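Add 341 to the 1-based position in the sequence shown for our numbering, that's all there is to it.
Virtual Cβ for every residue (Gly too), placed ideally from N, Cα, C.
Owing to the predicted nature of the structure, the values given are computational and were not obtained by experimental measurement.
Since the structure comes first, as structure tokens, the remarks are kept for the end.
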Amino acid sequence: MPELLEVETYRRQAERVVGRRIAAAEAPDAWFVKGAEPEEVVAAVVGRCVAAARRRGKLLVLDLADPAAGEAEPPAVRLGLHFGMTGRLIVDGSAAIERLEYSSGRNDPAWDRFALRFADGTELRVRDPRRLGGVSLDPDEDRLGPDALTAGRDDVAAALGSSRAPLKARLLDQSRLAGIGNLLADEILFRAGLDPARPAGGLADGEVDALHAAIREVLADLGARGGSHTGDLREAAALDGLCPRDGAPIVRRRVGGRTTLSCPVHQR
Numbered sequence: 342m343p344e345l346l347e348v349e350t351y352r353r354q355a356e357r358v359v360g361r362r363i364a365a366a367e368a369p370d371a372w373f374v375k376g377a378e379p380e381e382v383v384a385a386v387v388g389r390c391v392a393a394a395r396r397r398g399k400l401l402v403l404d405l406a407d408p409a410a411g412e413a414e415p416p417a418v419r420l421g422l423h424f425g426m427t428g429r430l431i432v433d434g435s436a437a438i439e440r441l442e443y444s445s446g447r448n449d450p451a452w453d454r455f456a457l458r459f460a461d462g463t464e465l466r467v468r469d470p471r472r473l474g475g476v477s478l479d480p481d482e483d484r485l486g487p488d489a490l491t492a493g494r495d496d497v498a499a500a501l502g503s504s505r506a507p508l509k510a511r512l513l514d515q516s517r518l519a520g521i522g523n524l525l526a527d528e529i530l531f532r533a534g535l536d537p538a539r540p541a542g543g544l545a546d547g548e549v550d551a552l553h554a555a556i557r558e559v560l561a562d563l564g565a566r567g568g569s570h571t572g573d574l575r576e577a578a579a580l581d582g583l584c585p586r587d588g589a590p591i592v593r594r595r596v597g598g599r600t601t602l603s604c605p606v607h608q609r
């Protein structure tokens, strides 16, 4: 599923369209357009140029400017692309990620929910089989917490606060810390040695240090491996179901409403 690492891949891919002018837009699925009518989105973006491709957590933002605008002027429109569980970005006919976890292995153009056509004949598309993503004008970026890729130790401590909610649920709260999804959360807590069901606000200072270090380590490691689905815990669960650290049977349960993998021995 697209978590921070996958959307960062999409952001780098979207940088290819920076500088291109939008000649037409397609929004055939009204359900996929959030907070506006499809024709409003089309009218807002056509004729504008892509000035930048940014990411905040799992949100990809295209800053769109008027062609005659100076570089110092703010974007005329911000176009938010949300990818849900199965959304992929396709630029100029190619996808940086060919297949996502929990998605179909098919590659059907009928699943194209939104598209930008550029004046030079190239295009950008969002293909989403399950329609769990969406496109929006001027998304509220302030509702998102600090981006997990750059979050400091104090950001992590603030995200946990004094909450009695399960630790994993707090990591998944995008308003607290943006970008961590189910797969990353399991791997982070596995490496930090923390039980996902523990109260988030009950961690000692050293445990907060370990959590922050694990976030940085997992994002760097899994980013180099190729995505959120490449974690040690998930691989072990699929291989023999045993923890690669201590050999204990990996436990599968629901924590914070999400299917969760953890080791009952070293995660405390």
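What did DSSP end up calling residue i once you bin it into helix, strand or coil?
i, result
"isoleucine 591", "coil"
"alanine 577", "helix"
"serine 503", "coil"
"aspartate 550", "helix"
"glutamate 344", "coil"
"aspartate 488", "strand"
"aspartate 495", "helix"
"arginine 468", "strand"
"glycine 388", "coil"
"alanine 561", "helix"
"aspartate 404", "strand"
"valine 359", "coil"
In angstroms with no decimal places, state the Cα-to-Cα distance between residue i and residue j.
i, j, result
"glycine 425", "valine 467", "11 Å"
"alanine 519", "leucine 465", "25 Å"
"aspartate 573", "alanine 561", "14 Å"
"alanine 368", "glutamate 380", "8 Å"
"alanine 377", "glycine 434", "27 Å"
"alanine 371", "valine 382", "11 Å"
"isoleucine 438", "aspartate 449", "15 Å"
"alanine 334", "leucine 473", "Residue 334 lies beyond the residue range present for the chain, which begins at 342 and ends at 609; the question has no answer from this structure."
"glycine 502", "leucine 513", "14 Å"
"valine 374", "leucine 457", "14 Å"
"glycine 582", "histidine 570", "16 Å"
"glutamine 515", "isoleucine 521", "8 Å"
"alanine 565", "glycine 598", "29 Å"
"leucine 535", "histidine 553", "12 Å"
Short check: CB of residue i to CB of residue j, under 7 Å?
i, j, result
"aspartate 527", "leucine 602", "yes"
"serine 504", "glycine 542", "yes"
"valine 387", "alanine 366", "yes"
"arginine 397", "glutamate 482", "yes"
"proline 507", "valine 592", "no"
"alanine 555", "alanine 533", "yes"
"glutamate 347", "glycine 567", "no"
"arginine 511", "glycine 486", "no"
"valine 432", "alanine 498", "no"
How would you label residue i, buried or exposed, when you count the other beta carbons within 10 angstroms and need 16 or more for buried?
i, result
"glutamate 344", "buried"
"threonine 427", "buried"
"proline 415", "exposed"
"leucine 405", "buried"
"arginine 454", "buried"
"threonine 350", "buried"
"glycine 475", "buried"
"arginine 429", "buried"
Any contact of the stretch 576-589 with the stretch 599-609, i.e. 3+ C-beta pairs under 8 Å?
-> yes
- Does the pairing of the stretch 355-364 with the stretch 392-401 give three or more beta-carbon distances under 8 Å? yes
Cβ contact check for the stretch 489-499 and the stretch 408-419: 3 or more pairs under 8 Å: no
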